[in-house]
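Enquirer:
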Amino acid sequence: MKLAWLCSHESYQPEVLLEHAVLAEQVGFDVVTGADHFHPWVDDVSAASFVWSWFGAVAQATSRVELATSVTAPLFRYHPALIAQAAATIDRLSGGRFILGVGTGEAINEAPLGYEFPGYAERIARMREALTIMHGLLAGEKLDVDGEYYTARTAKLYSPPIGRAPVWMAAGGPKSATFAGETCEGLITSVKDPAETVEKIITPYREAAAARGAATTVMATRWVVLAGSDDEAWEALVSMRGLRAPGRLEVADPMVLRERADAMDRQEILSKYTIVRDLDELTEAYRPLVTDVGADYVAIQVASADPADTIRRIGADVLPALREAAAS
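Yeah, the sequence shown ends on 328 if you go by the UniProt record's numbering, and it's all consecutive.
(1) So within the region 84-144, which uninterrupted beta strand (DSSP E) runs reach at least 3 residues, ignoring any that extend past its ends?
(2) Given this structure, state the Cα-to-Cα distance separating Val167 from His135, to the nearest angstrom.
(3) Does the pairing of the region 44-64 with the region 128-142 give three or more beta-carbon distances under 8 Å?
(4) What's the gap between the Cα of residue 331 and the Cα of Thr69?
(5) Within 10 angstroms of the Cβ of Pro288, are there 16 or more other Cβ atoms? Answer buried if so, exposed if not.
(6) Taking Trp234 as the reference, which of Val251, Arg206 and Arg266 has the closest Cα?
(7) Rounded to whole angstroms, what's the CA-CA distance from Thr197 to Ser190? Just pull it up for me.
(8) What residue range does the alpha helix (DSSP H) around Val27 cover?
(9) Hey, is the region 67-84 in contact with the region 94-107, meaning 3+ C-beta pairs nearer than 8 Å?
(10) Would you please verify whether the beta carbon of Ala208 is less than 8 Å from any beta carbon of chain C?
(11) Confirm, please, whether the CB-CB distance from Ala86 to Leu138 is below 8 Å.
(12) What are the boundary residues of the alpha helix (DSSP H) that Ala152 is part of?
(13) Per DSSP, which residues does Leu3 bridge with? Please list them.
(14) DSSP on Asp317, reduced to helix/strand/coil?
(15) Per DSSP, Ile188 forms a beta bridge with which residues?
(16) With the cut-off set at 8 Å, would you say Ile269 and Ala263 are in Cβ contact?
(17) Report yes if the CB atom of Leu3 is closer than 8 Å to the CB atom of Ala308, and no otherwise.
(18) Could you give the DSSP three-state label for Val276: helix, strand or coil?
(19) By the 10 Å Cβ neighbour count, where 16 or more other Cβ atoms means buried, how is Gln301 classified, buried or exposed?
(20) Just checking, does the region 303-318 make contact with the region 221-229 on the three C-beta pairs under 8 Å criterion?
If you want it as structure tokens, here you go:
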């Protein structure tokens, strides 16, 4: 079982997140992840840097941790061949440490650049076609593709990955989980209720992978807020409050998401997160992902008022406790 730290690109500028990534490796994390967004969740206190440039810097500033997008959407503003090229480049710069996490996306990434954001049926159809292209290129193939959504002509990666560069897909329901099992090397899923996650997401994923004789890897994630009071919790969540606003998947303007979030009762937004007061409670928030979900990777996604101090404290106290739980 490996432990990941999410660097929140919606909350902090890339130079700060680079320091967080280096610190995460120093304190004992096994993986550093980052999401690929064009816009953040609110427009007043936020950030939204280009994760691929950032991963290049992290690859050079670290030596041990695996690096993973959590996640990128290779469907609209990117041709999937470009994402394969980006993944291969980061894999080479990191000495074979890269994991390509993909998802079907959100409007904040596509609509600002003029792309329509269609429903799930088209997005998953695009993903199937995109995965064929990315898998082929990462495997060293030269591709000619005339698809419904994408075209390629003698496309080939001349700087191929030196490691496996596996593709993991984010899923929040059984359809996407089954799709991930049919097409990808791993699953990324956010856990609220462990038993429900196992039943509706992890089991369909594993069954679909088993049907084609494929191995499985599960990364389980959970958003947690570490704060001594509700006021401190709100301060920690200020850049993420639009994430819980209505229309999150469809709205392109973070100003709109901020306005919708600020029109909600503050307690309603806080209630949508797991809020813990100390490191013992933080450990217990993630323990079920180890013991009940049985994830291969557990991604620790913690909002706090002082992220650098939080990384150090988690490294000292929480990581050893979770590793002990995994071993028992």
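We put the beta carbon where it would ideally sit given N, CA and C, even for glycine.
Expert: With the given structure in hand:
(1) Counting whole runs of 3 or more residues, the region 84-144 contains the beta strand (DSSP E) stretches 98-102.
(2) Per the coordinates, the alpha-carbon of Val167 lies some 8 Å from the alpha-carbon of His135.
(3) Contact between the region 44-64 and the region 128-142 is not established, with fewer than three Cβ pairs separated by less than 8 Å.
(4) Outside the displayed span of the chain (1 to 328) sits residue 331, for which this structure offers no information.
(5) That one is buried.
(6) Measuring C-alpha to C-alpha distances from Trp234 to each of Val251, Arg206 and Arg266 identifies Arg266 as the nearest.
(7) Those two C-alpha atoms are separated by around 8 Å.
(8) Annotation for Val27: the continuous alpha helix (DSSP H) segment containing it runs Pro14 to Val27.
(9) By the Cβ rule, the region 67-84 counts as touching the region 94-107, because three or more pairs are nearer than 8 Å.
(10) Reference to chain C is not applicable here, since this structure consists of a single protein chain.
(11) Going by beta carbons, Leu138 and Ala86 fall outside the 8 Å limit.
(12) First-last for Ala152: Thr151 to Ala155, but that is the beta strand (DSSP E), not the alpha helix (DSSP H).
(13) Answer is Val298.
(14) Three-state DSSP puts Asp317 in a helix.
(15) According to the DSSP secondary-structure assignment, Ile188 is paired through a beta bridge with Ala170 and Met219.
(16) Judged by their CB atoms, Ile269 and Ala263 are not nearer to each other than the 8 Å cut-off.
(17) The beta carbons of Leu3 and Ala308 sit no closer together than 8 Å.
(18) In the three-state scheme derived from DSSP, where H, G and I count as helix and E and B as strand, Val276 is classed as strand.
(19) It is buried - the Cβ of Gln301 has at least 16 other Cβ atoms within 10 Å.
(20) Of all C-beta pairs linking the region 303-318 to the region 221-229, three or more are shorter than 8 Å, placing the two stretches in contact.
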